[in-house]
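Okay, structure first, notes after.
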Amino acid sequence: MSIDLLDGVETKEAEAGPGQGAGVGNRGGAIWKGRPWPANLAEWMPEGGLADLIVQQARDEDDAAVRPAFSLEASRLYAPWMVLALVAYAYSHGVYGSLRVAELARRDRDLQRLFHDQVPNGKVIQWFRDRNRAVIQRFLARVMAAMALRGSPVEDGAVWCRANDCEEAATGSFAQWIAGEAKERLRRAEREDVRAADPPPT
């Protein structure tokens, strides 16, 4: 499946940070090569930056492509982009099981503002994920592409992936690096729900 990771992603040029040098990359340093993603992607963003990025990207998502989620416990239908933002926010923070995602939504201030204290429960979140798997995977990849293009602090300083380098690589290893991580996070969520539904014998 081909994914246009740069579709809808705002790009900008940036100067190389102090960590760029020999062995980091080529022609502006595509520093993403070989870098593992942190369990919590917020570590690579300024405070509040990941939430803002995800909400911005989710608002731009075509709602017609996303199957909505409804809870009888809430007084309204959840806008598809809102649940998409919730799932992506949780998976980006390393929170995968649907019950844990619902708990995160109840205690996280950014998500409380988004849902006005009417957060979807675990069943609704799992239903949404199972019926929007491809959309969620593509959206996570877009968020990660935006992170890489905007620049992410790593252990050797603030470094940037230049937009022109990433565009050249968007159909190659750059896309594979991002799409592979997005797919793995989705799989972790599915595995955790399977374990929760079928606990091991005691």
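Per the working numbering: the sequence shown = residues -19 to 182. Heads up, the beta-carbon is just placed ideally off N, CA and C, and yes, glycines get one too. Model, not experiment: these values are computed from the prediction.
Simplified DSSP state of residue i, which is helix, strand or coil
| i | result |
| --- | --- |
| A59 | coil |
| A19 | coil |
Supposed close pair residue i, residue j - CB separation, criterion 8 Å
| i | j | result |
| --- | --- | --- |
| A70 | L57 | Not quite, the Cβ-Cβ distance comes to about 20 Å (not below 8 Å), so this is no contact. |
| L33 | V123 | 6 Å |
| L120 | R165 | 6 Å |
| A162 | Q117 | 5 Å |
| D110 | A31 | Contact flag wrong, Cβ pair sits at about 25 Å. |
Residue range of the alpha helix (DSSP H) that includes residue i
| i | result |
| --- | --- |
| V35 | 29 to 39 |
| R87 | 78 to 87 |
| A169 | 153 to 177 |
| G102 | 102 to 111 |
Same chain, Cβ closer than 7 Å to residue i, neighbours up to 5 away in sequence not counted
| i | result |
| --- | --- |
| E172 | Y76, G77 |
| N20 | H73, G74 |
| Q106 | S78, D173 |
| R113 | L166 |
| P18 | W24 |
Burial state of residue i, where buried means 16 or more other Cβ atoms lie within 10 Å
| i | result |
| --- | --- |
| R142 | At R142, the pLDDT of 41 sits below 50, so the modelled position is not reliable; the number obtained from the coordinates is stated separately. Buried: at least 16 other Cβ atoms inside 10 Å. |
| E41 | buried |
| R39 | exposed |
| R47 | exposed |
| R167 | exposed |
| P60 | buried |
| D88 | buried |
| A169 | buried |
Same chain, Cβ closer than 8 Å to residue i, neighbours up to 5 away in sequence not counted
| i | result |
| --- | --- |
| A45 | V115 |
| A177 | none |
| P100 | A49, S51, A54, Y58, V63, L66, A82, A85, F108 |
Same chain, Cβ closer than 6 Å to residue i, five either side skipped, listed in chain order
| i | result |
| --- | --- |
| G102 | S78, L79, A82 |
| S132 | Low confidence applies here, because S132 scores a pLDDT of 46, under 50, leaving its location unreliable; read the following figure in that light. Cβ neighbours of S132 beyond the five flanking positions: W24. |
| A149 | Caution applies to A149, whose pLDDT of 42 falls short of 50 and renders its modelled position unreliable; the model cannot decide the point. |
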